[in-house]
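full-length UniProt numbering puts the first residue of the sequence shown at 1, with every later residue one more than the last.
For every residue, glycine included, the Cβ atom is placed at its ideal position computed from N, Cα and C.
Predicted model, so just to flag it, every value in this text is computed and none were measured.
So the structure is just underneath, and the comments pick up after that.
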Amino acid sequence: MNDPEEYFQKLNNTMLAVNNKHNQIRISPQKARAQRDAWRCFRDMTRTQNEKLQTTRRESKWNKQRGGSVEMNRFIDQNTQQEHEKQLELASEEYVLDPADMDDVQEENFQEFPPEYR
1 MNDPEEYFQK
11 LNNTMLAVNN
21 KHNQIRISPQ
31 KARAQRDAWR
41 CFRDMTRTQN
51 EKLQTTRRES
61 KWNKQRGGSV
71 EMNRFIDQNT
81 QQEHEKQLEL
91 ASEEYVLDPA
101 DMDDVQEENF
111 QEFPPEYR
């Protein structure tokens, strides 16, 4: 261990993980990577839990303002969604072309041309 190259090689192979300012613990890069991955997983998990908690709180506030229970509001929301879809279907049916009407329009357009161009 008296050889400086051996000492620096050993330093390059390890990483310093600092728990406190005064307490340094050497850990291997593989262990440090595993620790970082575990913290990342924990952070993502708590983040999604907090997002779910926020959405449930927000929904409960909306339900309090609307009045009634959660099931009743869910039923009302589903009904309004179905009514909206029905209105969209009815509106789209207004623009459906009937082939019989198209034949009449074609004949009218065909009669507009002079006989020499037919």
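Expressed to the nearest angstrom, what Euclidean distance is found between the alpha-carbon atoms of residue 48 and residue 39? 14 Å
Give me whichever residues DSSP pairs with residue 76 in a beta bridge. Its beta-bridge partners do not exist; DSSP assigns none.
Below 7 Å CB to CB, which residues in the same chain sit around residue 20 once its five sequence neighbours on both sides are set aside? Confidence is the limiting factor: at residue 20 the pLDDT is only 48, short of 50, which leaves the residue's position unreliable and the question unanswerable from this model.
Rounded to a whole number of angstroms, what is the C-alpha to C-alpha distance between residue 17 and residue 73? With a pLDDT of only 46 at residue 17, under 50, the local geometry of the prediction cannot be trusted, and the value read off the model is given with reservation. If I take the Cα positions, the gap works out to 52 Å.
What whole-angstrom Cβ distance do residue 63 and residue 70 have, given they're in contact under 8 Å? 6 Å
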